[in-house]
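Notes for the one structure printed next.
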Amino acid sequence: MYPNTGRDSYQLPPKLFDARCKACWLTVGVLMLVVASFATLNLQWAQFWSWDALQRMGRFVGELLHPEASTRFTGKVLHAALETLAMSALGTLLAALLGLALALPAARAHVHDPAHWRGVTRLALNALRSTPELVWAALLLIVVGLGPFAGTLALGLHTTGVLGRLFAESVENAAPGPPFALRLRGVGEARVFLYATLPQVLPQLLSYTLYRWENNIRAAAVLGVVGAGGLGQMLAFHMGLFQMGETSTVLLAMLVLVALVDALSYAMRTVLSR
Amino acid sequence: MPSTTSKTAFTTAWTPAHPALRDPALRLRVFWALSGLALLWPMGVLSEFKPWVLLEPGALKPALNFVGAFFPPRSDAEFLTLLLRETWRTVAMATAGLALALLLAVPLSLMSVRVLSLSSLTGRMAMGPSVLRQGVRWLLLVLRSVPELVWALVFVRVVGLGPTSGVLAIALTYSGMLGKVYADILESGEAHATSSLMRNGSGRLQAFFYGLLPQNAAELTSYTVYRWECAIRSSAVLGFVGAGGLGQLMDSSMKMFNGAEVASILLVFMALVWLADRMSAALRKNLS
Chain A
1 MYPNTGRDSY QLPPKLFDAR CKACWLTVGV LMLVVASFAT LNLQWAQFWS
51 WDALQRMGRF VGELLHPEAS TRFTGKVLHA ALETLAMSAL GTLLAALLGL
101 ALALPAARAH VHDPAHWRGV TRLALNALRS TPELVWAALL LIVVGLGPFA
151 GTLALGLHTT GVLGRLFAES VENAAPGPPF ALRLRGVGEA RVFLYATLPQ
201 VLPQLLSYTL YRWENNIRAA AVLGVVGAGG LGQMLAFHMG LFQMGETSTV
251 LLAMLVLVAL VDALSYAMRT VLSR
Chain B
1001 MPSTTSKTAF TTAWTPAHPA LRDPALRLRV FWALSGLALL WPMGVLSEFK
1051 PWVLLEPGAL KPALNFVGAF FPPRSDAEFL TLLLRETWRT VAMATAGLAL
1101 ALLLAVPLSL MSVRVLSLSS LTGRMAMGPS VLRQGVRWLL LVLRSVPELV
1151 WALVFVRVVG LGPTSGVLAI ALTYSGMLGK VYADILESGE AHATSSLMRN
1201 GSGRLQAFFY GLLPQNAAEL TSYTVYRWEC AIRSSAVLGF VGAGGLGQLM
1251 DSSMKMFNGA EVASILLVFM ALVWLADRMS AALRKNLS
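Protein chains in written order, with this note's numbering: chain A, 1 to 274; chain B, 1001 to 1288.
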């Protein structure tokens, strides 16, 4: 009745290397890549594990253990932390608005939609996305000068690329029934989007945006290293001046901020998925 | 009893719209819009949100000059060789960093997976293992909550400029991320095979290799490939604090306001990210 059962369950294990097995070649390729990376990088392990470097590391960590805790300085750190939060929130908001505006031309609304702008918009979104926030910030510093505004714009531009693509994909993946029903009755495209597509995808868009906000808080904390405001700028400043006490406080603030965001998002996720 | 027309006229005179057309959530919407604005205002002040500085002649002119110098991008042989070398370095830093991260992440995630606990097979997990698992989770949390850029800043201070600090920075942060997500993936699957193996006397590593790993291998590999893509992106950025690679090249070109060089670096950078993205997408598609 089941002629193949016996053969199937007692197959021999596959050969370890088979010239026709893609995964084997892939594994070999990955191993070669790793070996080549280590071989060509000229990593100075000897210098890193040398007594001198270890001593320096020890001194560094020792100095970090005495954070500067004066009220005035903690006030400044708190302000920088709030600045970081504000940068990330505004940047994400900008990105959500711009991303939605760009997602519409980047999405094929229905099967017969010519979507002339799809290719161009996707290219623009990809360009925005593949340039990291930090590079955007470094470029924008030339335009708007040092400070959190450059960071906000940088976060906004990079996140626009990310969100725009995600938004376009969720618009394309929305159930086609309701928009089709409206379109059949001669409703204009704008209203079809507002009344049939948007209500379907809004929760997903919101959750993408919140997720990116969480990422952006982390990104905003370090963005300042190139001078774009927030905690990162303080960190780079004090580390550059070898003021280890202040550096330590800023680092602690960063850790607390990131951990808080992590904990909050975890709590929200568990509450929402319950 | 009045006619229907006079009735509608009467109602429209009193209420702005037919009851069915009135927005039932109007008050809530207005409330949330206003409170949103009230929140936005201080945020705008804090982040010095002044879009008009973009249009000030003092800012606009150097910016336009800089962007104008983007065309044509610099493409002589000497610069292209340098660019190629730094691009390879960026990829190599990401790969080496991720390889080191795996060395740290795999044991840590195995230590923190609750499914592989022998004592929890019979009721509650014992005190010692439970504390150890929580401790490992905290360690992973600390490792990944320090951004790689900060690790790089620290290591540049200690080891000096160069790719070593970049590799170490990626290794530390990514071990935290990988370890945590590996543990999550391993715990999210069906634990039945693993626990029945362990109930029948297999060791924990055996249960992992024969029960837990085959079930989750595709997802684990796919996540690792995705992280490799992320590592390439971040290793390109780490150069901005002096950890070698494309970022360092871009930083120096930018400090010299050399638009042509910045343009070609940006193009290479985008191509690299695009390539990594395509490759990881193709690999992950094959895996699923």
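No residue lacks a Cβ here, since even glycine has one placed at the ideal position from N, Cα and C.
Item to check | Beta-carbon separation (whole angstroms), Ser1145/B vs Leu264/A, contact threshold 8 Å | outcome: The residue given as residue 1145/B occupies position 145 in the second sequence. The residue given as residue 264/A occupies position 264 in the first sequence. Actually they are not in contact, since the Cβ atoms of Ser1145/B and Leu264/A sit about 13 Å apart, beyond 8 Å.
Checklist entry - Under three-state DSSP, which class holds Gly1242/B? => result As a first step, residue 1242/B is located in the second sequence; it is residue number 242 there, counting from the start. Coil.
Item to check | Residues near Thr1005/B in its chain [Cβ-Cβ closer than 6 Å; skip 5 each side] | outcome: Residue numbering aside, residue 1005/B sits at position 5 when the second sequence is read from its first letter. Below a pLDDT of 50, predicted positions are generally treated as unreliable, and Thr1005/B, at 47, falls in that range; the measurement from the model is reported next regardless. Same-chain partners within the cutoff: there are none.
Checklist entry - In three-state terms, what does DSSP make of Thr1011/B? => result Position 11 of the second sequence, counted from the start, is the residue given in the question as residue 1011/B. In this predicted model, Thr1011/B has a pLDDT of only 47, less than 50, meaning its place in the structure is not dependable; the value taken from the coordinates is given anyway. Reduced to three states, the DSSP call for Thr1011/B is helix.
Item to check | Same chain only: Cβ atoms within 6 Å of Ser1234/B, ignoring 5 sequence neighbours per side | outcome: Start at 1 with the first residue of the second sequence, and residue 1234/B comes out as number 234. Hits under 6 Å: Glu1148.
Checklist entry - Near Ala1276/B, what residues of its chain come up, given a Cβ to Cβ distance below 7 Å and the 5 sequence neighbours on each side ignored? => result As a first step, residue 1276/B is located in the second sequence; it is residue number 276 there, counting from the start. Within its own chain, the residues whose Cβ lies closer than 7 Å to the Cβ of Ala1276/B, once the five positions on either side in sequence are excluded, are Glu1229 and Ile1232, listed in chain order.
Next on the checklist: So with CB distances below 7 Å, who are the chain A contacts of Thr1164/B?
Outcome noted: To locate residue 1164/B, count along the second sequence from 1; it is residue 164. Those are Leu43, Gln44 and Phe48, listed as they occur along chain A.
Next on the checklist: Counting only Cβ pairs nearer than 7 Å, list the residues of chain B close to Glu83/A.
Outcome noted: The sequence position of residue 83/A within the first sequence is 83, counting from 1. Near Glu83/A (Cβ distances below 7 Å), the residues of chain B are Leu1046 and Ser1047.
Checklist entry - Pro148/A touches chain B at which residues, Cβ-Cβ below 9 Å? => result Looking up residue 148/A in the first sequence gives position 148. Those within 9 Å of Pro148/A in chain B are Leu1046, Ser1047, Glu1048 and Phe1049.
Checklist entry - Would you report the Cα separation of Ala1099/B and Glu189/A, rounded to the nearest angstrom? => result As a first step, residue 1099/B is located in the second sequence; it is residue number 99 there, counting from the start. As a first step, residue 189/A is located in the first sequence; it is residue number 189 there, counting from the start. If I take the Cα positions, the gap works out to 50 Å.
Checklist entry - What are the residues of the stretch 1141 to 1160 of chain B that lie near chain A, defined by any Cβ-Cβ distance shorter than 8 Å? => result Leu1141, Val1142, Ser1145, Val1146, Pro1147, Leu1149, Val1150, Leu1153, Val1154, Arg1157, Val1158, Val1159 and Gly1160
Checklist entry - Taking Tyr1210/B as the reference, which of Arg1227/B, Pro1051/B, Thr1194/B and Ala1077/B has the closest Cα? => result Along the second sequence, one-based indexing puts residue 1210/B at 210. Minimum Cα distance to Tyr1210/B is reached at Thr1194/B.
Next on the checklist: Comparing C-alpha positions only, which one of Arg269/A, Leu252/A, Leu260/A and Thr270/A sits nearest to Val77/A?
Outcome noted: Here residue 77/A corresponds to residue number 77 of the first sequence, with the count starting at 1. When each option's Cα is compared against that of Val77/A, the closest is Leu252/A.
Checklist entry - Over what stretch of residues does the alpha helix (DSSP H) that includes Met254/A continue unbroken? => result Here the question's residue 254/A lines up with position 254 in the first sequence. That run of the alpha helix (DSSP H) goes Met244 to Ser273.
Checklist entry - From Ala267/A to Ala1077/B, what distance separates their C-alpha atoms? => result By one-based count along the first sequence, residue 267/A stands at place 267. By one-based count along the second sequence, residue 1077/B stands at place 77. Distance between the alpha carbons of Ala267/A and Ala1077/B: 54 Å.
Checklist entry - For Gln1134/B, which of helix, strand or coil comes out of DSSP? => result The count along the second sequence starts at 1 and reaches residue 1134/B at position 134. Helix at Gln1134/B.
Checklist entry - Is it right to say Pro1163/B is buried, meaning 16 or more other beta carbons lie within 10 angstroms of its own, or is it exposed? => result Here residue 1163/B is taken as the residue at index 163 of the second sequence, counted from 1. Looking at its Cβ environment, which holds 16 or more other Cβ atoms inside 10 Å, Pro1163/B is buried.
Item to check | Contacts that Ile217/A makes with chain B (C-beta to C-beta distance below 8 Å) | outcome: Here residue 217/A refers to the residue found at position 217 when the first sequence is read from its first residue. The premise fails here: Ile217/A is roughly 11 Å from chain B at the closest Cβ pair, so nothing lies under 8 Å.
Checklist entry - Alpha carbon to alpha carbon, what distance is there between Leu104/A and Leu194/A? => result Counting from 1 along the first sequence, the entry for residue 194/A is found at position 194. Counting from 1 along the first sequence, the entry for residue 104/A is found at position 104. Roughly 12 Å between the two C-alpha positions.
Checklist entry - With Ala53/A and Val1154/B assumed to form a contact (beta carbons below 8 Å), what rounded beta-carbon distance in angstroms separates them? => result Working through the first sequence from its first residue, we reach residue 53/A at position 53. Working through the second sequence from its first residue, we reach residue 1154/B at position 154. In fact, because the Cβ distance is near 12 Å, the residues do not count as touching under 8 Å.
Item to check | Stretch pair the stretch 1256 to 1270 of chain B + the stretch 1178 to 1185 of chain B: three plus CB contacts closer than 8 Å | outcome: no
Item to check | Endpoints, the alpha helix (DSSP H) within which Lys15/A is located | outcome: Taking the first sequence and counting its residues from 1, one reaches residue 15/A at position 15. Segment: none, Lys15/A is in no alpha helix (DSSP H) and carries neither H nor E.
Item to check | Proximity winner among His112/A, Phe73/A and Leu82/A, relative to Phe180/A (alpha-carbon distances) | outcome: Within the first sequence, residue 180/A is the residue found at index 180, counting from 1. Looking at the Cα atoms, His112/A is the closest of the given residues.
Next on the checklist: Suppose the cutoff is 7 Å on Cβ atoms and the five residues either side in sequence are ignored; what does the same chain contact list for Val1241/B look like?
Outcome noted: Here the question's residue 1241/B lines up with position 241 in the second sequence. So the list reads Leu1149, Ala1152, Leu1153 and Val1156, once near-sequence residues are dropped.
Item to check | Boundaries of the alpha helix (DSSP H) in which Pro1062/B is found, first to last residue | outcome: The count along the second sequence starts at 1 and reaches residue 1062/B at position 62. That run of the alpha helix (DSSP H) goes Pro1057 to Gly1068.
Item to check | Straight-line Cα distance separating Phe1066/B from Asn1258/B | outcome: Sequence index remark: in the second sequence, residue 1258/B carries index 258 (1-based). Sequence index remark: in the second sequence, residue 1066/B carries index 66 (1-based). For Asn1258/B and Phe1066/B, the distance between alpha carbons rounds to 8 Å.
Checklist entry - So, Gly1247/B versus Ala1260/B, is the Cβ gap smaller than 9 Å? => result Reading the second sequence from its first residue, position 247 is the one you call residue 1247/B. Reading the second sequence from its first residue, position 260 is the one you call residue 1260/B. Not in contact: Gly1247/B and Ala1260/B (Cβ atoms no closer than 9 Å).
Item to check | Listed by chain order, chain B residues near Gly145/A by CB distance under 8 Å | outcome: Taking the first sequence and counting its residues from 1, the one referred to as residue 145/A is at position 145. The answer, in chain order, is Val1053 and Ala1059.
Item to check | Under 9 Å (Cβ pairs) to chain B, residues found in the stretch 111 to 131 of chain A | outcome: Asn126, Ala127, Arg129, Ser130 and Thr131
Item to check | Below-9 Å beta-carbon distance, Asp1300/B vs any chain A residue | outcome: Coverage of chain B is limited to positions 1001 through 1288, which leaves residue 1300/B absent and any answer about it impossible.
Checklist entry - Out of curiosity, what's the CA-to-CA distance linking Asn1286/B and Leu166/A? => result As a working note, residue 1286/B is residue 286 in the second sequence. As a working note, residue 166/A is residue 166 in the first sequence. Those two C-alpha atoms are separated by around 22 Å.
Next on the checklist: One question on the structure: do Ser1112/B and Arg1085/B come within less than 9 Å of each other, judged by their Cβ atoms?
Outcome noted: Within the second sequence, the letter at position 112 stands for residue 1112/B. Within the second sequence, the letter at position 85 stands for residue 1085/B. No, the Cβ-Cβ distance between Ser1112/B and Arg1085/B is not below 9 Å.
Item to check | Backbone CA spacing between Thr1008/B and Leu1021/B [nearest angstrom] | outcome: Counting from one through the second sequence, the residue named residue 1008/B turns up at place 8. Counting from one through the second sequence, the residue named residue 1021/B turns up at place 21. Residue placement at Thr1008/B cannot be trusted, given a pLDDT of 47 that sits under 50; the coordinates are not used to answer.
Item to check | Exposure of Pro1072/B, with buried meaning 16 or more beta-carbon neighbours within 10 Å | outcome: Taking the first residue of the second sequence as position 1, residue 1072/B is located at position 72. Burial call: exposed.
Next on the checklist: Let me see if you follow: with CB-CB separation under 9 Å, is Val1237/B close to chain A or not?
Outcome noted: For this step, residue 1237/B is matched to residue 237 along the second sequence. Closer than 9 Å: yes.
Next on the checklist: Check whether chain A comes within 9 Å of Arg1089/B, counting only Cβ atoms and requiring the distance to be less than that.
Outcome noted: Taking the second sequence and counting its residues from 1, one reaches residue 1089/B at position 89. It does; some Cβ of chain A falls within 9 Å.
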